[in-house]
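One gets my numbering by counting positions in the sequence shown from 1 and adding 89 to each.
One structure is given below, encoded as structure tokens.
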Amino acid sequence: MGEKKIVSALQIGSSKEGTSDTIKKILSYENEIKESGTSLVVIPEATVGGYPIGSNFGSYVGYRTKSGREEFKAYFEQSIKIGNEPECKEIKLLEGLSKRTGASLVVGCLEKDGYTLYCTMVFIDSQLGYIGKHRKLQPTASERLIWGQGDGSTLTVVDSPVGKLGGAICWENTLPLLRHTMYAKGVQVWCAPTVEDMPMWDTIMKNIAFEGRLFVVSAVQYVGNATEADCGIPLDGSEGKRILPGWEFPDKACINGGSIIVDPFGNVLAGPLRGGEGLLSAEIDLDLIIEAKYDLDVVGHYSRGDVFQLTINEQSNDVKFV
């Protein structure tokens, strides 16, 4: 067998105090990351910046409210710039964590580009620092009110000490053609940051691992009880408590976790972790991918490329003026 590596999902939730406090929360796991010996840490969707569960930002068919615009402004102010520029201070702090622990990071962030927000996962190398990002191609349902759509220019795959990293964010993991695209790029460790805590998520992750014959590391946020003031979301309602409209589960956490690590045969190596925060880790061996692809390689001997073909537009849709 080949060289074995440890990979991890850091199951945490955004701080209700905002992005600065959330970064401190991530950094507080430095010793635990070091002690685990992990070479990769995946951090959930929109952890840096926050996932505003239960908010509608005052949006109704035909009009938007003033209070909703103010709420969006407050949300926008928690977003971050992503890149190598000096103003990307949160990225610099995460680069420091990666360098000190020796672990690559894949971090779910709320990215601002001009006045548009994107749900983005950031790739950070322990030696090279920031090396790439993937913007969520298709925000789900009401997420489309506040997040822009990514494009084909960030269908990113990066090299790391544990192998080729790539993946998708939350429900875009259910897009078959996106999955096929990433398989064709040679992803070996599929990173799936999310806020989805439904039991079906386990099945989706096992399917991707089995279908793509790769390892999957999915990190899910954990956000406390919907009626408690420790929710990592804006507070309203009586006594500073958050009231989620239509929420049918008063004793259930807003997001209950469910981080999971799966091997190329669909076997669960660790998790799902539910009901709290923590670092979930498992040992992997990339040689298992070779054994798994012996009888199923959906972009190779099992692909029937003579019958099926996929066209991908990897151009940026950003408007540039010269």
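Glycine residues also receive a C-beta, built at the ideal position from the N, C-alpha and C atoms.
Once DSSP output is grouped into helix, strand and coil, what is the label at residue i?
i	result
Thr127	coil
Cys177	coil
Gly329	Residue confidence is low: Gly329 scores 47 on pLDDT, short of 50, so the model does not pin down where it sits. Its coordinate-derived value is still stated next. Reduced to three states, the DSSP call for Gly329 is helix.
Trp279	strand
Lys105	coil
Glu317	The predicted model places Glu317 with a pLDDT of 49, which falls under 50 and marks its position as unreliable; any figure quoted below should be read in that light. Coil, per DSSP.
Trp359	Reading off the sequence, residue 359 comes out as Ala, not Trp. Three-state DSSP puts Ala359 in a strand.
Ile115	helix
Lys225	coil
Ser414	No answer is possible for residue 414: the residues shown for the chain start at 90 and end at 411.
Ser231	helix
Ile350	strand
Ser144	coil
Ser242	helix
Phe397	coil
Phe299	helix
Glu337	coil
Asp110	helix
Trp236	coil
Glu92	coil
Gly157	helix
Leu183	helix
Tyr164	helix
Ile322	Residue placement at Ile322 cannot be trusted, given a pLDDT of 46 that sits under 50; what the coordinates show is reported in the next sentence. Ile322 falls in the coil class under three-state DSSP.
Leu377	helix
His390	coil
Of the residues the options, which one's Cα is nearest the Cα of residue i?
i	options	result
Gln404	Ile171, Pro141, Leu244, Phe161	Leu244
Gly197	Phe146, Glu166, Ala98	Ala98
Gly126	Gly191, Gly239, Tyr207	Gly191
Leu399	Met271, Pro353, Asn406, Ala135	Met271
Ser109	Gly139, Lys93, Thr205, Thr229	Gly139
Lys274	Asp248, Thr263, Pro175, Lys341	Asp248
Pro288	Ala281, Pro361, Ser231, Gln216	Pro361
Val131	Tyr219, Leu333, Leu194, Gln277	Leu194
Asn296	Leu254, Gly355, Trp279	Gly355
Asp240	Ile379, Glu124, Lys225	Lys225
Leu186	Leu199, Gly313, Leu129, Arg153	Leu129
Thr205	Glu184, Ser148, Glu232	Glu232
Lys188	Phe165, Asp202, Ile122, Phe304	Ile122
Ser104	Leu333, Trp336, Val312	Val312
Ala359	Val305, Ala257, Lys162	Val305
Ile293	His390, Val211, Pro265	Pro265
Phe212	Gly394, Gly255, Gln238	Gly255
Glu174	Asp376, Tyr219, Arg302	Tyr219
Pro228	Ser242, Asp352, Thr263	Thr263
Ser215	Glu184, Gly389, Lys162	Glu184
Ala342	Gly143, Glu106, Asn120, Lys114	Gly143
Asp202	Thr154, Cys177, Gly157	Cys177
Asp407	Leu182, Thr154, Arg153, Ser242	Ser242
Mind checking who residue i pairs with in its DSSP beta bridge?
i	result
Met289	In DSSP, Met289 forms no bridge with anything.
Cys198	Val137, Thr209
Tyr311	Asn345
Phe304	Val278
Tyr152	Tyr149
Tyr219	Ile213
Lys188	Beta-bridge pairing links Lys188 to no other residue.
Gly255	Trp279
Ser97	Val130, Ser370
Ile169	Glu200
Ser193	Leu129
Starting from residue i, trace the alpha helix (DSSP H) both ways and give me its first and last residue.
i	result
Ser370	No alpha helix (DSSP H) holds Ser370; the beta strand (DSSP E) holding it covers 367-374.
Leu266	265-273
Throw me the rounded Cβ distance for the residue i and residue j pair, which I believe falls under 8 Å.
i	j	result
Val387	His269	7 Å
Trp260	Glu300	Not a contact, Cβ separation roughly 17 Å.
Cys101	Val137	The identity of residue 101 in the sequence shown is Ile, whereas the question assumes Cys. Contact doesn't hold; Cβ gap of about 11 Å is too wide.
Gln167	Leu199	7 Å
Val71	Pro141	Since the displayed the chain opens at 90 and closes at 411, residue 71 lies outside it and no answer follows.
Ile95	Glu372	5 Å
Gly346	Gly364	6 Å
Leu234	Phe146	6 Å
Glu91	Asp374	The amino acid occupying residue 91 in the given sequence is Gly; Glu does not appear at that position. Their Cβ separation, rounded to whole angstroms, is 5 Å, which keeps Gly91 and Asp374 in contact under 8 Å.
For residue i, report the span of its beta strand (DSSP E) as first-last.
i	result
Asp248	247-249
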